[in-house]
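Everything on this sheet refers to the single structure shown next.
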């Protein structure tokens with residue numbers, strides 16, 4: 002697991018370098034004007050970072066914690082078309098930042114729930130029956146938080162609520178089966194508890 006987390010950190014650092022390039026490109030521009038072009042990428046970044054954070058801590062990373070990692074400091078010699086001086090006095094530090102918005106954060110966290118459901122399936126398939134219960138508790142807390150937002154938030158957030166509840170229901174149903182029949186199910190068939198169809202209403206409250 003440590004090896005996987007180390008590899009994920011290297012890849013996330015690479016993504017952050019791409020975000021730095023975007024921040025430099027949009028320096029001095031109105032971020033709201035270009036937000037639609039970058040929001041999907043930021044949501045994917047939030048999903049990846051929050052997934053890594055959950056694996057490490059079994060908790061949800063905050064938006065402030067994410068944005069702290071998106072503040073970059075680079076050295077600028079201030080001299081164009083010349084070899085940069087090695088003298089630190091000839092350089093000054095330049096700060097770049099690209100903030101994840103509340104909507105980026107919420108939509109990224111909503112997508113995280115699907116990734117956690119797949120994590121449960123893989124864990125159970127490997128004979129780990131503790132992870133699904135940890136994930137179930139976490140997903141319930143996330144869902145309760147999204148429920149408070151409901152129709153008062155952006156339309157995209159309310160759309161995600163239904164998918165989020167589907168993931169929660171599948172994990173909770175699987176946990177129920179594991180709790181009641183876990184000792185009776187052969188290990189190689191444990192993952193099948195996630196294949197049971199979860200009946201969901203066509204229209205969820207709070208979704209228009």
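In this note's numbering, the protein residues as written are 2 to 209. All C-beta atoms, glycine included, are put in the ideal place defined by N, C-alpha and C. This one's a predicted model, so the numbers in the text were calculated from it and none came from an experiment.
{"Query": "Is it buried or exposed, residue 24, if we count other Cβ atoms within 10 angstroms and call 16 or more buried?", "Result": "buried"}
{"Query": "Is residue 132 helix, strand or coil by DSSP?", "Result": "helix"}
{"Query": "Under a three-way DSSP split, which group does residue 98 fall into?", "Result": "strand"}
{"Query": "Is residue 2 helix, strand or coil by DSSP?", "Result": "coil"}
{"Query": "Taking C-alpha atoms, which residue in 195, 133, 108 lies nearest to residue 164?", "Result": "108"}
{"Query": "Run through the DSSP bridge pairs and tell me what residue 76 is partnered with.", "Result": "94"}
{"Query": "Nearest by alpha-carbon distance to residue 132: which of 55, 103, 148, 166 is it?", "Result": "55"}
{"Query": "Restricting to Cα atoms, I'd like to know which of 134, 29, 62 is closest to residue 101.", "Result": "62"}
{"Query": "Once DSSP output is grouped into helix, strand and coil, what is the label at residue 103?", "Result": "helix"}
{"Query": "Secondary structure at residue 70, three-state DSSP: helix, strand or coil?", "Result": "coil"}
{"Query": "Is the beta carbon of residue 60 closer than 8 Å to that of residue 118?", "Result": "no"}
{"Query": "Does residue 146 come out as helix, strand or coil in the three-state DSSP assignment?", "Result": "helix"}
{"Query": "Kindly indicate the opening and closing residues of the alpha helix (DSSP H) around residue 182.", "Result": "156-182"}
{"Query": "Got a sec, what are the start and stop residues for the alpha helix (DSSP H) residue 56 sits in?", "Result": "32-58"}
{"Query": "To which residues of the same chain is residue 98 closer than 8 Å at the C-beta, ignoring the five residues directly before and after it?", "Result": "24, 68, 71, 72, 73"}
{"Query": "Give me, in chain order, the residues of the same chain whose beta-carbon lies closer than 8 Å to that of residue 88; leave out the 5 immediate sequence neighbours on both sides.", "Result": "Per-residue confidence for residue 88 stands at a pLDDT of 48, beneath the threshold of 50, marking its modelled position as unreliable; the derived number appears in the next sentence. Nothing listed; no residue qualifies."}
{"Query": "With DSSP as the reference, label residue 117 as helix, strand or coil.", "Result": "helix"}
{"Query": "For a test of the three-state rule: what should DSSP assign to residue 152, helix, strand or coil?", "Result": "helix"}
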